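Everything on this sheet refers to the single structure shown next.
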Amino acid sequence: MSVQGDRRKTQYLNENGLGVKMPVETISWKNGKIRYIDQTLLPHKVKFVDCSSIKKLWTAIKRLEIRGAPAIGIAGALGVALVAVKSKANTPKALLKEVRKCVKYLASSRPTAVNLFWALARMERRARSNDSLPAQDLKNLLVAEATEIIDEDKASCRAMARHGAKLIKNYDVILTHCNAGGLATADYGTALGVLFEAKREGKRIKVYVDETRPLLQGARLTAWELLNEGIDTTLICDNMAASLMAKGIIDKIFVGADRVAFNGDVANKIGTYSLAVLAKYHKVPFYVVAPLSTFDFNIKTGREIPIEERSADEVRCVFGKRVAPRNVKVYNPAFDVTPAPLITAIITEKGIFQPTRLELVNKTDEIKRRR
Ligand code: MRU
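Residue numbers (the working numbering): 838 to 1208.
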């Protein structure tokens, strides 16, 4: 959809949520502000929010208005750019101090998706290594770096989609979990990008979508994206996946990732691990699609990945309505870790890799620079 200036920033959708041109511009830099789609309102409304406050950005990440590993990373980078353009600092040293404060603050929003820390570290490095420039030049440089991260994300979405689509055959029936689509990235998505590309290549596919309790990213976001792309989509409750696999209905599973450890273990939305166990038992190939910005080679195994635990009311309630006794204890981890041996392959922008042979991933400048 197009947004005309700042006047038309909300599009109310019909009850199917259809009629939106994909991919949507989930997060971008517009007129010195961060423009993002508030994903908590989907699939009822596409509302673009213009954000010019770091506190508001922190809350938007925490509340999942902006969500999905690559999109959170982009939000972090744009947050640093925002601090830079708003800063009154007239020396690079003073600016660097503000950048560092912002990096520390945004890093406290969500712990699991490594893209956030990757992007914040990259922005801080950029500032530090150019601290002899006049303050205004350094500000411009930080905006340029953040928009470059967006461009790189777009390019890697397309590359992952091309590599991954080779794994899909005509008439494949695919299962996905959570949302690894355009809403989680700057462009085409990771796991969903592969499906969009397969469709564009003329393959006829069917997709089953786990609703993804507690926050229903599958039902609210993935089903919405797939339908708007014209893909044959069926929504299921998370506990129905086993019965589909037992009936031999699912050919392949594609999911995204929030952090990939050096040994190939993958953190992704809670429920991913159980799908991978089911897939192994039923001999269904299980693919993870993730850009290199989601790889954390400083972490040896998935056991070291910090797993976010969220509020009890996300489980006790559904859309603000309590569905359980008020005082019942709740366990609410937002992610789980799938061990590498359960993963058939990891699709990156550099190609397709065996999860247990990640040392073969071409160590790009990105990965080296992160160390
Ligand atoms: O809590 P969320 O909605 O941010 O979790 C998102 C996921 O788990 C996605 O699968 C992951 O970030 C990959 S997105 C390309």
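Every residue gets a Cβ at the ideal spot worked out from N, C-alpha and C, and that includes glycine. Keep in mind it's a predicted model, so treat the numbers as computed, not measured.
For residue i, which residues from the same chain have a beta carbon less than 8 angstroms from its beta carbon, with the 5 sequence-adjacent residues on both sides left out?
| i | result |
| --- | --- |
| Ile-1011 | Ile-1005, Leu-1032, Ile-1042, Lys-1043, Val-1044, Tyr-1045, Ile-1087, Asp-1088, Lys-1089, Ile-1090, Phe-1091 |
| Leu-970 | Pro-929, Leu-978 |
| Lys-1166 | Ala-1149 |
| Trp-866 | Arg-872, Leu-915, Ala-918, Val-980, Ala-983, Thr-984, Ile-987 |
| His-881 | Tyr-849, Leu-850, Gly-854 |
| Leu-1081 | Leu-1012, Tyr-1045, Ile-1073, Ile-1087 |
| Glu-1038 | Ala-1002 |
Please tell me whether residue i and residue j are closer than 8 angstroms, where the distance is taken between their beta carbons.
| i | j | result |
| --- | --- | --- |
| Asp-1102 | Thr-1138 | yes |
| Ile-871 | Ala-908 | no |
| Val-940 | Met-960 | yes |
| Leu-1020 | Gln-848 | no |
| Ala-1211 | Ala-918 | Outside the displayed range of the chain (838 to 1208) lies residue 1211, so it cannot be described from this structure. |
| Leu-1115 | Ala-1078 | yes |
| Ala-956 | Gly-1018 | no |
| Ala-1127 | Ile-1180 | no |
| Leu-953 | Gly-910 | yes |
| Leu-1029 | Glu-1062 | yes |
| Lys-884 | Ile-898 | no |
| Ala-1094 | Ala-906 | yes |
| Tyr-1025 | Ala-998 | yes |
| Ile-1068 | Lys-1036 | yes |
| Thr-1022 | Thr-1109 | no |
| Leu-1064 | Asn-853 | yes |
| Ile-1136 | Phe-1172 | no |
| Asp-1034 | Met-859 | First, the residue type needs correcting, since residue 1034 is Glu and not Asp in the sequence shown. Cβ atoms of Glu-1034 and Met-859: not closer than 8 angstroms. |
| Arg-1163 | Asp-1133 | no |
| Ala-972 | Asn-1016 | no |
| Glu-935 | Ser-924 | yes |
| Ile-1142 | Ala-1083 | no |
Could you tell me which residues DSSP pairs with residue i in its beta bridges?
| i | result |
| --- | --- |
| Gln-848 | Val-883 |
| Gly-1101 | DSSP, once it has assigned bridges, lists no residue as partnering Gly-1101. |
| Val-1155 | Lys-1158 |
| Ile-1090 | Leu-1012, Phe-1123 |
| Tyr-873 | Ile-864, Val-886 |
| Tyr-1045 | Leu-1012, Thr-1071 |
| Glu-1146 | Pro-1170 |
| Lys-1106 | Phe-1172 |
| Asp-1133 | Ala-1098 |
Can you tell me whether residue i is helix, strand or coil according to DSSP?
| i | result |
| --- | --- |
| Ala-1182 | strand |
| Pro-1051 | coil |
| Ile-911 | helix |
| Leu-1072 | strand |
| Cys-994 | helix |
| Tyr-1168 | coil |
| Asp-968 | coil |
| Thr-1059 | helix |
| Phe-1190 | strand |
| Ser-889 | coil |
| Asp-1095 | coil |
| Thr-896 | helix |
| Glu-1066 | coil |
| Val-920 | helix |
| Met-1082 | helix |
| Ser-946 | coil |
| Val-1031 | helix |
| Ile-986 | helix |
| Arg-1163 | coil |
| Pro-1128 | coil |
Is the closest heavy atom of ligand 3 to the C-beta of residue i under 7 angstroms?
| i | result |
| --- | --- |
| Val-917 | The model depicted lacks ligand 3 and carries ligand 1 instead. |
Which residues in the same chain have their Cβ closer than 7 angstroms to the Cβ of residue i, if we skip the five residues on either side of it in sequence?
| i | result |
| --- | --- |
| Cys-1074 | Glu-1048 |
| Leu-901 | Gln-876, Thr-877, Leu-1052 |
| Cys-1154 | Val-1160 |
| Ala-996 | Glu-1186 |
| Phe-1099 | Phe-1134, Ile-1136, Lys-1137, Leu-1195 |
| Arg-1050 | Asp-1075 |
| Gly-1085 | none |
So, for residue i: in the same chain, excluding its five sequence neighbours on each side, which residues have a beta-carbon less than 6 angstroms away from its beta-carbon?
| i | result |
| --- | --- |
| Arg-1208 | Interpretation of Arg-1208 is limited by its pLDDT of 41, a score under 50 that renders its predicted location unreliable; the figure taken from the coordinates is listed afterwards. No residues qualify anywhere along the chain. |
| Pro-1192 | Gly-1101, Ala-1177, Ile-1180, Ile-1183 |
| Asp-968 | Pro-929, Leu-933 |
| Ser-889 | Lys-870 |
| Tyr-1008 | Arg-1041 |
| Pro-1170 | Ile-1107, Ile-1144, Glu-1146 |
Does the stretch 986-1003 come close enough to the stretch 930-949 that 3 or more CB-CB pairs lie under 8 angstroms?
no
Should the stretch 880-897 be called in touch with the stretch 971-979, which here means at least 3 C-beta pairs below 8 angstroms?
no
Could you say if the stretch 1149-1159 and the stretch 1180-1196 meet the contact criterion of at least three C-beta pairs nearer than 8 angstroms?
no
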